[in-house]
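*Asks:* The opening residue of the sequence shown carries number 22 in this note's numbering; numbering runs sequentially from there.
Beta carbons are placed, not taken as given, at the ideal position from N, Cα and C, and that holds for glycine.
To start, I am sharing the structure in question, which I have written as structure tokens.
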Amino acid sequence: MASIFSKIIAGEIPGFKVYEDKKVVAILDINPVNAGHVLVIPREEYVTLMDMPDKLAEHTITVVKHLASELKRITGSSGINVFLNNGASAGQEVPHVHFHIIPRFDGDDAVPAWKRKQASPEDLQELSKLLVKSLKPKKKPKKPTKKKPTKVKVSKKFKN
Ligand code: AMP
């Protein structure tokens with residue numbers, strides 16, 4: 022079934038488009054965090070960034086960069102948040118990948134601060150050693166592959 026964003030893009034339900042090209046559309050968020058809160062959405066439906074073909078991801082991020090810069094200029098904001106929620110556990114409600122661009126103003130308190138954990142240098146070193154073994158530069162763009170999740174329980178390493 023088409024996502025709510027696909028329906029807006031197709032003009033089947035109302036939405037406020039602010040930018041479009043062959044590959045992506047940007048709309049105003051219906052419940053903005055601040056005025057000028059925009060969602061940048063690829064026309065083709067993918068659930069998360071990791072599902073997207075590299076070329077489309079590159080184009081989408083280029084548009085996000087351009088619109089973030091333009092929205093900062095137009096709204097006169099002093100900062101901009103760019104968020105991307107991938108998966109329900111990361112706060113994703115609409116399962117069609119979309120970047121949030123949110124103009125921010127000094128002291129607006131619009132986005133709650135992240136709840137941080139404490140990590141010892143030893144924990145960080147152990148984790149970095151584990152990760153560096155698995156993280157290699159990508160050789161050339163290719164279609165996304167379904168890799169098995171690693172067994173490293175990252176969240177268990179740090180305590181609140
Ligand atoms: P996320 O939690 O990252 O999936 O964000 C979904 C976003 O979509 C929320 O900020 C919603 O306010 C926004 N949203 C949901 N329905 C619509 C709609 N019909 N038009 C515009 N924005 C929407």
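Buried or exposed, going by whether 16 or more other CB atoms sit within 10 Å of the CB of PRO1?
*Replies:* The question about residue 1 has no answer, for the chain in this structure spans 22 to 181.
*Asks:* Name, in chain order, the residues that DSSP records as bridge partners for LEU49.
*Replies:* VAL59
*Asks:* Pull up the distance between the alpha-carbon of ALA111 and that of ASP127, whole angstroms please.
*Replies:* Approximately 26 Å between the Cα atoms of the pair.
*Asks:* Taking only the alpha-carbon atoms, compute the straight-line gap between LYS44 and THR83 and give it to the nearest angstrom.
*Replies:* Here the alpha carbon of LYS44 sits roughly 12 Å from the alpha carbon of THR83.
*Asks:* Do the region 31-47 and the region 61-70 touch if we need at least three Cβ pairs shorter than 8 Å?
*Replies:* Pairwise C-beta distances place the region 31-47 in contact with the region 61-70, as three or more of them are shorter than 8 Å.
*Asks:* Determine the contact status of ALA131 and ASN55, defining contact as a CB-CB distance below 7 Å.
*Replies:* yes
*Asks:* Taking the beta strand (DSSP E) that HIS121 falls in, what are its first and last residues?
*Replies:* 120-125
*Asks:* Which ranges does the alpha helix (DSSP H) cover as unbroken runs of at least 4 residues, wholly within the region 57-117, from first to last along the chain?
*Replies:* 75-96
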